[in-house]
């Protein structure tokens, strides 16, 4: 599991307001903003929302609903046998 922090900056983002910083680049698509992630992975016309969970190996979105993502992360068997990152 990798978390990439983004910046909410509507002036630099092409749609949705979220951009990657040069010191925290997009590790999967090399996108400059969240819209490019959505466009690279599937045809999507709506609002580009964060958070977005992406399968980095398959380069596909998994989910963009925060409650669902929290549940998925809670259900993961982490190294050392502990729940939670």
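Residue numbers (the numbering used here): 1329 to 1413. We treat Cβ as the ideally placed atom computed from N, Cα and C, and that holds for glycine. On a predicted model such as this, the values are computed, not experimentally measured, just so you know.
Rounded Cβ spacing between residue 1395 and residue 1346 (contact assumed at less than 8 Å): Numbered from its first residue, the chain shown carries residue 1395 at position 67. Numbered from its first residue, the chain shown carries residue 1346 at position 18. Going by Cβ atoms, the distance from residue 1395 to residue 1346 rounds to 19 Å, so no, they are not a contact pair.
Distance between beta carbons of residue 1380 and residue 1365, contact taken as under 8 Å: As a first step, residue 1365 is located in the chain shown; it is residue number 37 there, counting from the start. As a first step, residue 1380 is located in the chain shown; it is residue number 52 there, counting from the start. Indeed they touch by this definition, with Cβ atoms about 7 Å apart.
Rounded straight-line distance, which links the Cα of residue 1339 to that of residue 1386: As a position in the chain shown, residue 1386 is number 58, starting the count at 1. As a position in the chain shown, residue 1339 is number 11, starting the count at 1. Answer to the nearest angstrom: the Cα atoms are 31 Å apart.
Under 8 Å between C-beta atoms of residue 1353 and residue 1369: Position 25 of the chain shown, counting from 1, holds the residue named residue 1353. Position 41 of the chain shown, counting from 1, holds the residue named residue 1369. No, the Cβ-Cβ distance between residue 1353 and residue 1369 is not below 8 Å.
Cβ-Cβ distance between residue 1342 and residue 1363 below 8 Å: Sequence index remark: in the chain shown, residue 1342 carries index 14 (1-based). Sequence index remark: in the chain shown, residue 1363 carries index 35 (1-based). Their beta carbons are under 8 Å apart, which means residue 1342 touches residue 1363 by this criterion.
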